[in-house]
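Okay, so here's the structure we're looking at.
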Amino acid sequence: MEKLIFVLFLAMAFLDAPAQITIKQIGKVHYAIVPANKPVSLRNDTIAQSINNYIQQHAEKDFPDVLLYINDQDPESMLSNFEQVLVYYQKYAGEFFNKYDDVYRYNRAHIGIEISLFHDHYQKGMEAIEYAVNHLKRLKKKEKRLSRKSKDGVLTEVDLKCFEL
C-alpha cells in the first residue's frame, strides 16, 4: 500500500510540474516552444518560419518584430473553451505569458499575434500576419487611440475586442 501511495505521489508531482518553456527567434518572429513536447514545438517552428517568410516577401524593411503566442485550447476545459485570434501593434515594451506564468519581455515596438484555437493554427497564423502586413497603419492608429483612452481610464470591452481578427 505504501508503494502505491508513493507511486501516485510521484505521478502527481510530475503531472503538476511546469514544462520548460524556451523562447526562440526566427528572423523577426519571437515565439515559445516546449522542448518536451516535440509535435507542438515542431508545429510552432513551422508557423514561425512561414510567418517570417511572409514578412520577408511582403513587408517593408522596417516592419516591426512579431511576438507570436500560440495557445492550444482544450475543448473539454471550462476555462479554455473559446477560440480567438488577436493581432495588435504595441509601441512600447510588451510581454506575453504562457500557461505556466513565465513572462517574456520585449522592449521595442512590435506586432503581437495571439492564437488561441482548437485547430487550424497554421492557417490562422498566416491570416494574422497577412492582416498585420496589409493594415500596419490601421493597427498603429488603434494603438495610439487606445493608449490615450487608457491614460484617461476609459477603456471598454469593445475597445479590447478591436484587435480580434
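In case it helps, mature numbering (1 follows the signal peptide of the UniProt record, and there is no 0) puts the sequence shown at residues -19 to -1, 1 to 146. Note that beta-carbon positions come from the ideal geometry of N, C-alpha and C, so glycine has one too.
- Note: GLY93 is bridge-paired with LEU48 and TYR69 in the DSSP secondary-structure output.
- A residue is called buried when at least 16 other Cβ atoms come within 10 angstroms of its Cβ; LEU23 does not meet this threshold and is exposed.
- Judged by their CB atoms, GLY93 and GLN71 are nearer to each other than the 7 Å cut-off.
- Shown here, GLN1 sits in coil according to DSSP, grouped into three states, outside any helix or strand.
- Inside the region 12 to 43, DSSP marks whole alpha helix (DSSP H) runs of 4 or more residues at positions 19 to 39, from first to last along the chain.
- Between ASN33 and VAL10, the C-beta spacing is below 7 Å.
- ILE7 is a Cβ neighbour of ALA29, given a cutoff of 7 Å.
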